[in-house]
Amino acid sequence: MLPVSQAEATILDLVKPLDKQRDAEFVSLLIAIERILAAPAIGHLDFPHWDNSAMDGYAVRYEDVQYASSQQPVVLEIVDEIPAGRSPQQLIKAGQAARIFTGAVMPEGADTVVMQEQTQREGDRVTILTAPQPQAFVRHQASYYQAGKTLLAPGTMLRAAQIAVLAAAQCNQLKVYRRPRVAIISTGDELVHPETPLEIGQLVDSNQYALTALVTQTGAEPIPMGIVPDRPLVLQKAFSKAIATADVVLSSGGVSVGDYDYVEEILTALGAEMHVRAVAMKPGKPLTVAKFSPAHATERKPVLYFGLPGNPVSALVCFWRFVQPALRKLSGLADNWGPVYVKARSRQDLSSDGKRETYIWGQLHLIDGYFEFQPASGSLNSGNLINFAQANGLAIIPVGQTAVASGDEVRVLQFGFPIMS
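To get our numbering, take the position in the sequence shown, counting from 1, and add 35.
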């Protein structure tokens, strides 16, 4: 069995990101949400686009007001009024000012804004009661960003903030990576679809649906391939199709050492390079990872295979711990591939046999800025999806440690939003 950290390093080393040329496409800004840039986004507008006011007040020449005070106020003539969105109409000369509003273009001749709270106005005259700082409340053109430079780097995921800045820069067409394609196979004669009446000894195939949801949430394109029975020729045909179709193949079940577990035999027959056969973790020990190299290196990238355990909780834990980081790296994301970990105080005693890295599911609470972890009630069995459904985190007990006392700190892999308490 490989230690968890070694398995993670092995897997990420196998992953080669999608190609910036072959695996990229152009999309419009409105459908670019959650996509990853394959080329720099370059704006053709300065930010700000022009010198503008950061405050409601009066645009003035600093030399006119530099000595103003309540004892020695300065009176200026108002020659223009500039709301946001309107071009200035007047040059500001000595002894003059323009009424200006937040975001409005600074008029020629003015270099400073006096906030309205430090003035008094009567008709077309304004009295300046306090000397401002030079260039106060002026946002200068290109002080945030200069046109022609890289606005967002390749490998950036486009979320709300990035979409906002791209829209402001009028970047309407973006080169992004295509979504990785992930084939999903469930193996086992005992499995049936959710709509099929259950007979004694059968199990509902929940993994197909859970993995499809997780692949989608990760930003990849799921290709559900259904249930494949434990027959070597049928399995081999299904795996061959998946390898030819996808960038990553996920199967669940059939990766342990039972009499009907044919998957590793089939992988070998299809030319797989085996890299992981088991991991020292609980749940999730029977994890298989292999790589299929294309017949002609220039045709396609290698296909990565993950054989996940059949137990539903084990399959999900392995996905969050290993598959999701691999998909993030494959997708072209520049960094931050791995899971999100937080430190939390355990509300109850946690235990492990210490032989494998142990993952205990439960609820992560955020209370006054601090995380607390509440393990799930009832049986923490890898086949028990019922108490797993409310979980949003996995407390991790390292190898060699057998307990975490109530009130002690524990590292938690976060896979859902914390509960605000």
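Glycine included, C-beta positions come from ideal geometry on N, C-alpha and C.
Legend entry - Outcome for residue 60 when other beta-carbon atoms lying within 10 angstroms are tallied against a minimum of 16: Counted from its first residue, the sequence shown places residue 60 at position 25. Residue environment for residue 60: exposed (fewer than 16 other C-beta atoms within 10 angstroms of its C-beta).
Inset, instruction - Report all residues from its chain with a CB closer than 6 Å to the CB of residue 357; omit the five preceding and five following residues, and keep chain order. - result: Counted from its first residue, the sequence shown places residue 357 at position 322. Around residue 357: 46.
Legend entry - For residue 341: DSSP bridge partner residues: The residue you call residue 341 lines up with position 306 of the sequence shown. DSSP, once it has assigned bridges, lists 285 and 324 as partnering residue 341.
Inset, instruction - Please specify which runs of the beta strand (DSSP E), each continuous and at least 3 residues long, are wholly inside the stretch 336-400, giving them in chain order. - result: You should have 338-343 and 375-381.
Legend entry - Reduced DSSP secondary structure (H/G/I, E/B, other) of residue 115: Position 80 of the sequence shown, counting from 1, holds the residue named residue 115. The answer is strand: DSSP assigns residue 115 an E or B state.
Legend entry - Beta-carbon gap between residue 168 and residue 80 smaller than 8 Å: Residue mapping note: residue 168 aligns to position 133 of the sequence shown, counting from 1. Residue mapping note: residue 80 aligns to position 45 of the sequence shown, counting from 1. Contact: no.
Inset, instruction - Just the C-alpha distance for residue 55 and residue 188, rounded to the nearest angstrom, thanks. - result: Sequence index remark: in the sequence shown, residue 55 carries index 20 (1-based). Sequence index remark: in the sequence shown, residue 188 carries index 153 (1-based). Answer to the nearest angstrom: the Cα atoms are 13 Å apart.
Inset, instruction - Identify, in the order they occur along the chain, each residue of the same chain with its Cβ nearer than 8 Å to the Cβ of residue 165, setting aside the five sequence neighbours on each side. - result: The residue you call residue 165 lines up with position 130 of the sequence shown. Once the five neighbours on either side are set aside, the close Cβ partners of residue 165 are 103, 104, 105, 149 and 153.
Legend entry - Beta-carbon proximity list for residue 288, same chain, < 6 Å, skipping 5 on both sides: For the purposes of this step, residue 288 is taken as the residue at position 253 of the sequence shown. These residues qualify, in order along the chain: 222, 223 and 345.
Inset, instruction - For residue 308, write down the residues that DSSP places opposite it in a beta bridge. - result: Position 273 of the sequence shown, counted from the start, is the residue given in the question as residue 308. According to DSSP, residue 308 bridges with 326.
Inset, instruction - Could you tell me which residues DSSP pairs with residue 428 in its beta bridges? - result: As a position in the sequence shown, residue 428 is number 393, starting the count at 1. BP columns for residue 428 point to 397 and 449.
Inset, instruction - Taking the CB atoms as reference points, tell me whether residue 217 and residue 250 lie closer together than 8 Å. - result: Mapped onto the sequence shown, residue 217 falls at position 182. Mapped onto the sequence shown, residue 250 falls at position 215. Their beta carbons are under 8 Å apart, which means residue 217 touches residue 250 by this criterion.
Inset, instruction - List the endpoints of the continuous alpha helix (DSSP H) containing residue 267. - result: Translated into the one-based positions of the sequence shown, residue 267 becomes position 232. Per DSSP, residue 267 is one residue of the alpha helix (DSSP H) stretching across 267-280.
Legend entry - CB contact flag (residue 348, residue 238, <8 Å): As a first step, residue 348 is located in the sequence shown; it is residue number 313 there, counting from the start. As a first step, residue 238 is located in the sequence shown; it is residue number 203 there, counting from the start. No.
Inset, instruction - Just the C-alpha distance for residue 113 and residue 127, rounded to the nearest angstrom, thanks. - result: By 1-based counting over the sequence shown, the position of residue 113 is 78. By 1-based counting over the sequence shown, the position of residue 127 is 92. About 9 Å.
Inset, instruction - State yes or no: is the C-beta of residue 286 within less than 8 Å of the C-beta of residue 269? - result: Translated into positions along the sequence shown, residue 286 becomes position 251. Translated into positions along the sequence shown, residue 269 becomes position 234. No, the Cβ-Cβ distance between residue 286 and residue 269 is not below 8 Å.
Inset, instruction - Inspect the beta-carbon positions of residue 91 and residue 140 and report whether they are closer than 8 Å. - result: Numbered from 1 along the sequence shown, position 56 holds the residue referred to as residue 91. Numbered from 1 along the sequence shown, position 105 holds the residue referred to as residue 140. Cβ atoms of residue 91 and residue 140: not closer than 8 Å.
Legend entry - Close-in-space but distant-in-sequence residues of the same chain around residue 170 (CB under 8 Å, 5 per side omitted): In the sequence shown, counting from the first residue as 1, residue 170 sits at position 135. Cβ-Cβ distances below 8 Å link residue 170 to 97, 146 and 147 in the same chain, with the five nearest sequence neighbours on each side left out; the list follows chain order.
Legend entry - Beta-carbon gap between residue 427 and residue 451 smaller than 8 Å: Position 392 of the sequence shown, counted from the first residue, corresponds to residue 427. Position 416 of the sequence shown, counted from the first residue, corresponds to residue 451. Result yes, Cβ atoms of residue 427 and residue 451 sit closer than 8 Å.
Legend entry - Pairwise C-alpha distance: residue 367 and residue 198: Along the sequence shown, one-based indexing puts residue 198 at 163. Along the sequence shown, one-based indexing puts residue 367 at 332. Computed Cα separation, rounded: 18 Å.
Legend entry - Those residues which DSSP pairs with residue 87 across a bridge: Translated into the one-based positions of the sequence shown, residue 87 becomes position 52. According to DSSP, residue 87 bridges with 140 and 174.
Inset, instruction - State buried or exposed for residue 179, treating a residue as buried only when at least 16 other CB atoms are found within 10 Å of its CB. - result: Working through the sequence shown from its first residue, we reach residue 179 at position 144. With fewer than 16 other Cβ atoms within 10 Å, it is exposed.
Legend entry - Cβ shell of residue 49 (< 7 Å), same chain only, five flanking positions each side left out: Within the sequence shown, numbered from 1, the residue matching residue 49 stands at position 14. Closer than 7 Å at the Cβ level, and outside the excluded window around residue 49, lie 310, 326 and 339.
Inset, instruction - May I ask you to verify whether the stretch 242-259 touches the stretch 316-326, counting CB pairs closer than 8 Å and requiring at least 3? - result: Contact fails: fewer than three Cβ-Cβ distances are below 8 Å.
Legend entry - residue 251 (DSSP reduced to helix, strand or coil): The sequence position of residue 251 within the sequence shown is 216, counting from 1. Three-state DSSP puts residue 251 in a helix.
Inset, instruction - Assign residue 363 to one of two classes, buried (16 or more other C-beta atoms within 10 Å of its C-beta) or exposed (fewer than that). - result: As a first step, residue 363 must be located in the sequence shown, where it is residue number 328. Classification of residue 363: buried, given that the 10 Å Cβ count is 16 or more.
Inset, instruction - Count the other CB atoms, across all protein chains shown, that sit within 10 Å of the CB of residue 157; report buried if there are 16 or more and exposed otherwise. - result: The sequence position of residue 157 within the sequence shown is 122, counting from 1. Exposed, by the Cβ-count rule.
Inset, instruction - Tell me residue 210's beta-bridge partners as DSSP assigns them. - result: One-based indexing of the sequence shown puts residue 210 at position 175. Note: residue 210 sits in a beta bridge opposite 61.
Legend entry - Continuous beta strand (DSSP E) stretch holding residue 98: start and end: By 1-based counting over the sequence shown, the position of residue 98 is 63. Per DSSP, residue 98 is not a residue of any beta strand (DSSP E); the alpha helix (DSSP H) it occupies stretches across 97-100.
Legend entry - residue 242, buried or exposed, once every other Cβ within 10 Å from all chains shown has been counted against 16: For the purposes of this step, residue 242 is taken as the residue at position 207 of the sequence shown. Under this definition residue 242 is a buried residue.
Inset, instruction - List the residues that DSSP assigns as beta-bridge partners of residue 434. - result: Taking the sequence shown and counting its residues from 1, the one referred to as residue 434 is at position 399. BP columns for residue 434 are empty, so no partner.
Inset, instruction - Determine the closest residue to residue 118 out of 373, 89, 227 and 410, with distance taken between C-alpha atoms. - result: By one-based count along the sequence shown, residue 118 stands at place 83. Comparing Cα positions, the closest option is 89.
Inset, instruction - Note down the Cα distance separating residue 440 from residue 181, rounded to an integer number of angstroms. - result: Here residue 440 is taken as the residue at index 405 of the sequence shown, counted from 1. Here residue 181 is taken as the residue at index 146 of the sequence shown, counted from 1. Cα to Cα, the separation comes out at about 55 Å.
Legend entry - Inter-residue spacing [alpha-carbon to alpha-carbon] between residue 413 and residue 262: Position 378 of the sequence shown, counted from the first residue, corresponds to residue 413. Position 227 of the sequence shown, counted from the first residue, corresponds to residue 262. Pairing residue 413 with residue 262, the inter-Cα distance amounts to about 30 Å.
Legend entry - Burial state of residue 246 (16 or more Cβ within 10 Å): Within the sequence shown, the letter at position 211 stands for residue 246. Counting the other Cβ atoms within 10 Å of the Cβ of residue 246 gives 16 or more, which makes it buried.
Legend entry - Residue from 416, 321 and 354 whose Cα sits closest to the Cα of residue 449: Within the sequence shown, the letter at position 414 stands for residue 449. Of the candidates 416, 321 and 354, the one whose C-alpha sits nearest the C-alpha of residue 449 is 354.
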